[in-house]
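Enquirer:
Residue numbers (my numbering): 1108 to 1870.
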């Protein structure tokens, strides 16, 4: 056995490039899977821990205000175990640059529900005078620390408050701050908690507008509208409150990426080990014959060659697992921009161990399989050439075609028929590389096109003004005439389709006539006044079709209104139900504008002092926020570009070397027969060209389907991503694959120069 071990070391040195390629594929398989698993598993572990330790609420109900009877009625509903009354205000604060920041502040009655996680400072105390507890991300972005005094403004009342603590909340892990943004802007938007005396200082008479509920299969979802009536604003549970549900969405996204990508790498890794061991055994026919003549049994030789697969897979998976921690750290940075958690551990599940063991076992089994097929026969038979070269291909039956193609192509096709595994591995490699590259370039393009589609095609406004809900209709009418504005109202509605028992709480957008909303249906029809329209992503999620009937119970109303679904809108964001104000009012509902869209305003700073307006957001700010979302949300796919490039280069290079080694005797013979080096290079390149063409034909359509799959995966209740890849990036994808083919062919041509005619004459 010691002798065989020394022989194995020499063989690995002799075929080092093939073994390195096979090992690198194992590194990629484990590195990508375990790297992504370390992130999503760590996020899930930390979030679940955060939720359990702070007893996150199960349901949230918002109203203009709650009475004691409201709270009592909700507490008596089936499944409700505990409640906590909050008063939530949105207050203003000037940052260090003189800009207006926005803080969402709560008072808390029951600290046992969604309890506050203290990062620094004192524990929350609602009785503590003039105190606030600020979220850590906002505090870091604005250089706020415990003990600082900050000035807060609400309805023209300015109050100085002392920062008593820096906190985090399990119900604000993805706090964006405004429905107009899609990624947290911690510099301008933050949340926190305030002592009860601040409410009095702000002259707020209402004491509760938010109810947090602990429950188990409760009736709140179905009954809350009836209890609160026209004071109802919104209902959420853990699946619909985006600040909470975003974590599970990201966990599932990363899990899918890791599974799909690593499965491709694992397949290629195992196939590469198989072809490498098979070629090694074929190249050592004389050695095997000698060993068998010396008394080595088939079992001992099979065991010997299985160790090759064991060594390659153990080294590859081991290095890949170590590399996965670096991979996790790189991708983790992008997730920290989206999610706020107390800690960011890297956690692995049994899945990583299963993948490592699977690669090792499959590599050993494929090595045993390759060895068994070759060990059959007497020692003398191993000195003979064992590879078949007389395989016929089906094209030979088409005489008119076969007789016209060149000798080199005929020889390449016959040789490919004799080495199907090598060809299959190459096609899968090219196909997989196209899939990874199209996703790597296509996901950023898809999000970028989402921005263009939204702010250049569908919504044409320059400014979005948030209106003061205390403004009178006459004041808003004057404001609209002053800036030629288009009014919209965003409300949450309880929705039931086709009299089904299933109830949903979804966003409803009512809008007036104007030039800033340019939505079309999938049939390219304008929105009219005859019914409601629903965006495509929301329609797919709710299984709604054109022509369905819908019953809406909107916020600020205790009535239900019936509409017909007149069309589906292929809009990316926001995902909503749209209805014209005339249709809304014809049904008997009241149109209460919450925002106004305008074109360019010369003196926009004057709006900050207009009592009719509480906030101004420009379309440019929203586009910049989406650009940041693009960088953070799809950063992992940019890494896949590099991984895909490495993948295609490794496999094509490995296949080229294997192909050359298996054809060495033929090339030597061609040289003896008078073939020039250039002619042999052409023959050697034919197979790479065939693999490239077949892999491209399969890989391109699969790549686009793969991109659609991931766009669907990354879509959510707020937006739907439509797959898109620019012509320039698609050309880049093709060029990368072609470049890898050219480079590997170049390296192959260098080996052609080493052809030995003397060796051919000996054989």
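Using N, Cα and C, we set each Cβ at its ideal position, and we do this for glycine too.
Between the beta-carbon of residue 1680 and the beta-carbon of residue 1561, is there less than 8 Å?
Expert: Yes.
Enquirer: As an exercise, report each continuous alpha helix (DSSP H) stretch of at least 4 residues that is fully enclosed by the segment 1189-1270, in chain order.
Expert: Runs found: 1243-1248.
Enquirer: Counting only runs of 4+ residues fully inside the segment 1122-1165, write out the alpha helix (DSSP H) ranges in chain order.
Expert: Listed in chain order, the complete alpha helix (DSSP H) runs (minimum 4 residues) inside the segment 1122-1165 are 1123-1160.
Enquirer: Should the segment 1557-1571 be regarded as contacting the segment 1689-1707, the criterion being three or more beta carbon pairs within less than 8 Å?
Expert: yes
Enquirer: What is the DSSP secondary structure of residue 1635, reduced to helix, strand or coil?
Expert: coil
Enquirer: Grab me the residues of residue 1538's own chain with a C-beta within less than 7 Å of its C-beta, minus the 5 sequence neighbours each way, in chain order.
Expert: 1802, 1805, 1806, 1809
Enquirer: Would you mind stating whether residue 1639 and residue 1673 have Cβ atoms separated by less than 8 Å?
Expert: yes
Enquirer: Where does residue 1270 land, buried or exposed, given buried means 16+ other C-beta within 10 angstroms?
Expert: buried
Enquirer: Note down the Cα distance separating residue 1592 from residue 1600, rounded to an integer number of angstroms.
Expert: 25 Å
Enquirer: Classify residue 1514: buried if its beta carbon has 16 or more other beta carbons within 10 angstroms, exposed otherwise.
Expert: exposed
Enquirer: Say whether the segment 1325-1344 touches the segment 1164-1178, bearing in mind that this needs 3 or more beta-carbon pairs closer than 8 Å, one atom from each stretch.
Expert: yes
Enquirer: State the Cα-Cα distance for the pair residue 1275 and residue 1764, rounded to the nearest angstrom.
Expert: 56 Å
Enquirer: Going by C-alpha to C-alpha distance, which of 1682, 1700, 1677 sits closest to residue 1688?
Expert: Just measuring C-alpha positions, the residue of 1682, 1700, 1677 sitting nearest residue 1688 is 1700.
Enquirer: If you draw a straight line from the alpha carbon of residue 1543 to that of residue 1749, how long is it in whole angstroms?
Expert: Computed Cα separation, rounded: 9 Å.
Enquirer: Return the CA-CA distance between residue 1439 and residue 1739, expressed in angstroms with no decimal places.
Expert: 10 Å
Enquirer: Buried or exposed: which applies to residue 1523, given that a residue is buried once 16 or more other Cβ atoms fall within 10 Å of its Cβ?
Expert: buried
Enquirer: Could you give the residue range of the alpha helix (DSSP H) that holds residue 1774?
Expert: 1771-1779
Enquirer: Looking at the unbroken beta strand (DSSP E) that takes in residue 1651, where does it start and where does it end?
Expert: Element bounds for residue 1651: n/a, residue is neither H nor E.
Enquirer: Which whole runs of the beta strand (DSSP E) in the segment 1704-1742 are 3 residues long or more, in chain order?
Expert: 1720-1725
Enquirer: Please decide whether residue 1840 counts as near chain B, where near means a Cβ-Cβ distance under 8 Å.
Expert: In summary, chain B is missing from the structure at hand, where a single protein chain is found.
Enquirer: Using alpha carbons as the reference points, say which of 1752, 1727, 1268 lies closest to residue 1212.
Expert: 1268
Enquirer: Would you mind giving the Cβ-Cβ distance between residue 1147 and residue 1362, rounded to the nearest angstrom? I have them listed as a contact below 8 Å.
Expert: 5 Å
Enquirer: One question on the structure: do residue 1293 and residue 1245 come within less than 8 Å of each other, judged by their Cβ atoms?
Expert: Pairing residue 1293 with residue 1245 gives a Cβ-Cβ distance under 8 Å.
Enquirer: Could you spell out the range, first to last residue, of the alpha helix (DSSP H) harbouring residue 1414?
Expert: 1405-1443
Enquirer: Where do the ends of the beta strand (DSSP E) carrying residue 1574 lie?
Expert: 1570-1574
Enquirer: Along the chain, where does the beta strand (DSSP E) containing residue 1322 start, and where does it finish?
Expert: 1317-1322
Enquirer: Hey, residue 1661 and residue 1598 are a contact pair by Cβ (cut 8 Å); roughly how many whole angstroms apart?
Expert: 5 Å
Enquirer: Flag this pair as yes or no: are the beta carbons of residue 1366 and residue 1532 separated by less than 8 Å?
Expert: No; because the gap between Cβ atoms is not below 8 Å, this pair is not in contact.
Enquirer: Put residue 1328 into one of helix, strand or coil per three-state DSSP.
Expert: helix
Enquirer: If you drop the 5 nearest sequence neighbours on each side, which residues of the same chain put their C-beta closer than 8 Å to that of residue 1743?
Expert: If we look at residue 1743 and ignore the five residues flanking it on each side, its Cβ neighbours are 1143, 1361, 1364, 1438, 1441.
Enquirer: I'd like to know whether the C-beta atoms of residue 1449 and residue 1153 end up nearer to each other than 8 Å.
Expert: yes
Enquirer: According to DSSP, residue 1603 sits in a beta bridge with which residue or residues?
Expert: Answer by DSSP bridge pairing, in chain order: 1658.
Enquirer: Alpha carbon to alpha carbon, how far is residue 1229 from residue 1871? Give it in angstroms, no decimals.
Expert: Nothing about residue 1871 can be reported from this structure: the residues present for the chain run from 1108 to 1870 only.
Enquirer: Report the option in 1628, 1811, 1135 whose CA atom is closest to the CA atom of residue 1548.
Expert: 1811
Enquirer: Should residue 1423 and residue 1648 be called a contact, given that it needs their Cβ atoms to be closer than 8 Å?
Expert: no
Enquirer: In the DSSP assignment, the beta strand (DSSP E) including residue 1670 goes from what residue to what residue?
Expert: 1668-1676
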